[in-house]
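Student:
Right, dumping it as structure tokens:
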């Protein structure tokens, strides 16, 4: 969500302009906290790393512009954008076709069947080659293929959905902060 507020203060209103800017910075900080909290609730958790690295930077004031950044620290979770926007045919906004993975140094690709098939009493259970459940991925069935065509991963937005879920609350935060400054200056809202 982009909010642009331009303050042009004639002489004598400089103090009011400073208080308005301060209120907008405060509202930006509060809004960032709301978005951050919602994103942490919304994010799909596998290891907990992505949830852990969601955060906000202090708002930056440049002239009449106030910028607040909330998101995942990409240095610690390079895949954050892929989770938010998807990949391959599912990528938002510019989807592209599927791709094929082929072995580079071997005749076939090989991996253990990775998806957790069942979580029971806090334990992950994998299916082994005999079709039985096992608690260790090492015992999971091996899969072999000459090539694999990947469609991509569907988006699982956590930031955009947090913003959308909290749009009215964020608007109310800004309105309340600005209303308070106006009322303190003797104005009415």
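Numbering (the working numbering), first residue to last: 30 to 218. C-beta: ideal position from N, C-alpha, C; glycine also.
1. Going by the DSSP bridge assignment, what does residue 91 pair with across the sheet?
2. By the three-class DSSP mapping on this structure, what secondary structure does residue 185 have?
3. With a threshold of 16 other CB atoms inside 10 Å of the CB of residue 60, please say whether the residue is buried or exposed.
4. In whole angstroms, what separates the C-alpha of residue 85 from that of residue 182?
5. Throw me the rounded Cβ distance for the residue 179 and residue 132 pair, which I believe falls under 8 angstroms.
6. If you count every other CB in all the chains shown that lies within 10 Å of the CB of residue 130, and 16 or more means buried, which is it?
7. Considering only the alpha carbon of each residue, which of 186, 192 and 215 lies closest to residue 72?
8. Would you check if there are 3 or more beta carbon pairs closer than 8 angstroms linking the region 80 to 100 to the region 117 to 126?
9. Measuring CB to CB, does residue 114 end up less than 8 angstroms from residue 105?
10. Would you tell me roughly how many angstroms separate the C-alpha atoms of residue 140 and residue 107, rounded to the nearest one?
11. Using CA atoms only, rank isn't needed, just tell me which of 100, 75 and 92 is closest to residue 191.
12. For the beta strand (DSSP E) holding residue 134, just list the boundary residues, first then last.
13. So residue 101 is in the beta strand (DSSP E); what residue range does that whole segment cover?
14. Mind checking who residue 178 pairs with in its DSSP beta bridge?
15. Buried or exposed: where does residue 49 fall if 16 or more other Cβ atoms within 10 Å of its Cβ makes it buried?
16. Give every residue of the same chain whose Cβ lies closer than 6 angstroms to the Cβ of residue 56, excluding the five residues on either side of it in the sequence, and list them in chain order.
17. Pop quiz: residue 112 and residue 195 are said to be a contact at Cβ under 8 angstroms. What is the actual Cβ separation, rounded to whole angstroms?
18. How many Å lie between residue 98 and residue 117 at the Cα?
19. Kindly indicate the opening and closing residues of the alpha helix (DSSP H) around residue 285.
20. If you follow the beta strand (DSSP E) that residue 84 is in, where does it begin and where does it stop?
Tutor: Reading off the structure:
1. 94
2. coil
3. buried
4. 26 angstroms
5. The Cβ separation is near 14 angstroms, so there is no contact.
6. If you draw a 10 Å sphere on the C-beta of residue 130, you find fewer than 16 other C-beta atoms in it, and that means exposed.
7. 186
8. no
9. Not in contact: residue 114 and residue 105 (Cβ atoms no closer than 8 angstroms).
10. Between the C-alpha atoms of residue 140 and residue 107 there is a straight-line separation of about 23 angstroms.
11. 100
12. Here residue 134 belongs to no beta strand (DSSP E), and DSSP marks it neither H nor E.
13. 99 to 101
14. 129
15. buried
16. Closer than 6 angstroms at Cβ, skipping near neighbours: 202, 203 and 206.
17. That belief does not hold up - the Cβ atoms of residue 112 and residue 195 are roughly 19 angstroms apart, past 8 angstroms.
18. 26 angstroms
19. It is not possible to answer for residue 285, since the shown part of the chain is limited to 30 through 218.
20. 83 to 85
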